[in-house]
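Residue numbers (full-length UniProt numbering): 1 to 656.
Just so it is clear, CB atoms sit at the ideal spot from N, CA and C, and this is done for glycine as well.
Since this is a predicted model, take the numbers as computed values, not measurements.
Report on the following structure.
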């Protein structure tokens, strides 16, 4: 025990974090599996309690699990570790969701004293108890149990179940494999889940009213309290016996080799030295970033005919990490917890698309050049975040500099992906064509690992483009945020698009004017019409709405208009889908989704025909009036199919 304790108390958290990343990069799947299981278990307890969950990680270390769990909605994360040095990265640079860190991260030899009597709904460990001999485990479980609120759970992601506890010299010095079923304190249930995480089992412990020990099969992380499959201790011993035989084979091999434990320690130290050397080299590369940036900008080509963008009233911040606007309506999928979505603060549609995707968020500015200090800070943030994939949406000079310098600083330890949100119709702007060409060049030079688009068929332009169409996600809304199923018709339509040729603003406006189903029209664009063309409908001009205000506008209406001449999955269509208000749009070409009844109902071929668009309005509002429940059910089914396909393609792109 003293050897193991010394090892962890003297291990540098920064170095061990790097070592963990290297091991993960060598093909280990366990981290991602742990994240999925823990997130699902936490969400299950949230649904049961229907409130914010207090969570404690016993053995939080440098903060791998702290980073993503603390960012889950309605979760208040806390961490404890016996080693002050291991928690140094987490205490020095905590995520914003862990502030104030001194109230959330605890250290000390006595865990009960360190947390100062606090109790939590959900206490968990990951590969922590393995460093303690079996005679301490029952006492440690009782200590952990004292930190669990009545009705809460204790979750162990620890060694595979053994029929008897044994020492395992193939791991860190002083490692043990424990027979948790035999070491369970009296009055507790143990739900055993093998096979959910590579090289570990999952144990869910909860108190019951009696004194006996009870055992159950963990039917899945989404049902941690299910008692439908009871087990006996004998059955668990039988299940665990093959693991004992595997251990015996390993132990025999180690005993037949000279000084096996010394060799294991040398291998561990050699690996740590290699990692620390790479960490030093990375710091050196970051220090030389200013010279790299100067060379990049000296060779930059400017594009004077670029479309004029919206200019904010004051100088924007260099970047925003996990801003509320970008995380509030995001999908929370644990398999994307190590992905950083990078986009531009000022590009509203792409920012919405990026914000609804799962993963962490980094919003950079496009309104002014990022200086060397700001780029270094952004790259260091990616480094500290634990993200292994960085997905950059759109292209700008700042995005170009960020990707090139990120690759130089972090090398192959991070995958850089680019997603283009435009179409070939926009290539009449020389800047759009040149920007897309530069992305292809970055792919060929190895700066980015993969390039994809949201417009179908663009892989035909170059073999370097991912062949599948990445599909945007709608915002993730709760049922209370959606529109009421029983709301009466308002006879109102919303045209939330700008007034330009591509968005086909006037066709949408005249179609609303021509429809007998519409009385009020809400528009967000400025336009001019002669008196002879103004029509009789009431037109309400709304200044550029915030995201929340836009959602409220959609809720007020019976239909949204986005019949545009060139479109790449309109975000207003996805936002109205989430709010259960239909949206008229042009052809999307989304493969299997094209045959869905809702997409066939809402997309029109003749987007530049007032008559065709007016007929689509008539059909949708009439259906909404006659059978609103049928329309909502159709939209729910379409959203489910769209999300399923979007997640499948996104996973394939990130892993490509």
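**Message:** So for residue 208, helix, strand or coil by DSSP?
**Reply:** coil
**Request:** Could you tell me if residue 395 is buried or exposed, where buried requires 16 or more neighbouring beta carbons within 10 angstroms of its beta carbon?
**Result:** buried
**Request:** For residue 324, count neighbouring C-beta atoms within 10 Å of its own C-beta (all shown protein chains included) and say buried if the count is 16 or more, exposed if not.
**Result:** exposed
**Cα-Cα separation between residue 656 and residue 182, rounded to whole angstroms** = 45 Å
**Prompt:** Quick one: what does DSSP say residue 306 is sitting in, helix, strand or coil?
**Reply:** For residue 306, the predicted model reports a pLDDT of 41, less than 50, meaning its position is unreliable and no value from the coordinates is stated.
**Item:** Runs of alpha helix (DSSP H) lying entirely within the stretch 389-464, each at least 4 residues, in chain order
**Value:** 397-410, 430-444
**Item:** According to DSSP, residues forming a beta bridge with residue 190
**Value:** 205, 215
**Asked** In the stretch 564-622, which residue ranges form an unbroken beta strand (DSSP E) of at least 3 residues, counting only runs that do not cross its ends?
**Response** 583-585
**Prompt:** Between residue 565 and residue 594, which are expected to be in contact by the criterion C-beta below 8 Å, what is the C-beta distance as a whole number of angstroms?
**Reply:** Not a contact, Cβ separation roughly 19 Å.
**Prompt:** Where residue 390 and residue 606 are concerned, what is the direct C-alpha to C-alpha distance, given to the nearest angstrom?
**Reply:** 39 Å
**Message:** At the level of alpha carbons, what is the spacing between residue 12 and residue 89?
**Reply:** 9 Å
**Request:** Look up residue 349 in the DSSP assignment and say whether it is helix, strand or coil.
**Result:** helix
**Prompt:** How would you call residue 527, buried or exposed, if buried means at least 16 neighbouring beta carbons within 10 angstroms?
**Reply:** exposed
**Message:** Please classify residue 544 as buried or exposed, where buried requires at least 16 neighbouring CB atoms within 10 angstroms.
**Reply:** exposed
**Prompt:** Smallest Cα separation from residue 286: which of 372, 143, 108, 586?
**Reply:** 372
**Message:** To the nearest angstrom, how far is the alpha carbon of residue 634 from that of residue 331?
**Reply:** 21 Å
**Request:** Give me the Cβ distance between residue 477 and residue 614, rounded to the nearest whole Å; I'm assuming they're in contact under 8 Å.
**Result:** The Cβ separation is near 29 Å, so there is no contact.
**Message:** Between which two residues does the alpha helix (DSSP H) holding residue 132 run?
**Reply:** Segment: none, residue 132 is in no alpha helix (DSSP H) and carries neither H nor E.
**Item:** residue 540: first and last residue of the uninterrupted beta strand (DSSP E) it sits in
**Value:** 538-541
**Three-way DSSP call (helix, strand, coil) for residue 90 in this model** = helix
**Asked** Which runs of the beta strand (DSSP E) spanning at least 3 residues fall entirely within the stretch 25-101, listed in chain order?
**Response** 53-58, 75-81
**Asked** Taking the C-alpha atoms as reference points, what is the distance between residue 304 and residue 457?
**Response** Its pLDDT being 43, under 50, residue 304 is placed unreliably in this model, and the coordinates cannot settle the point.
**Request:** Output the boundary residues of the beta strand (DSSP E) element that contains residue 361.
**Result:** 360-364
**Request:** Out of 359, 348, 345, point me to the one whose CA is closest to residue 669's CA.
**Result:** With the chain covering 1 to 656 only, the question about residue 669 has no answer from this structure.
**Message:** Given this structure, state the Cα-to-Cα distance separating residue 126 from residue 58, to the nearest angstrom.
**Reply:** 8 Å
**Prompt:** In three-state DSSP terms, what is residue 557?
**Reply:** coil
**Message:** Out of 229, 149, 470, which one is the CA nearest neighbour of residue 117?
**Reply:** 149
**Message:** Assuming residue 355 and residue 326 are in contact, meaning their beta carbons sit under 8 Å apart, how far apart are those beta carbons, in whole angstroms?
**Reply:** 4 Å
**Request:** My understanding is that residue 495 touches residue 553, with C-beta atoms under 8 Å, so please give their C-beta distance in whole angstroms.
**Result:** Between residue 553 and residue 495 the Cβ distance is about 10 Å, and since that is not below 8 Å, they are no contact.
**Request:** Just grab the DSSP bridge partners of residue 471 for me.
**Result:** Beta-bridge pairing links residue 471 to no other residue.
**Item:** residue 649: first and last residue of the uninterrupted alpha helix (DSSP H) it sits in
**Value:** 628-655
**Message:** Suppose you measure from the CA of residue 388 to the CA of residue 487; what does that come to, to the nearest Å?
**Reply:** 45 Å
**Prompt:** Between which two residues does the beta strand (DSSP E) harbouring residue 495 extend?
**Reply:** 492-495
**Request:** Reducing DSSP to helix, strand and coil, say where residue 247 ends up.
**Result:** helix
**Prompt:** Where do the N-terminal and C-terminal ends of the beta strand (DSSP E) with residue 121 fall, by residue?
**Reply:** 120-126
**Message:** Three or more C-beta pairs under 8 Å: does that hold for the stretch 524-542 against the stretch 453-470?
**Reply:** no
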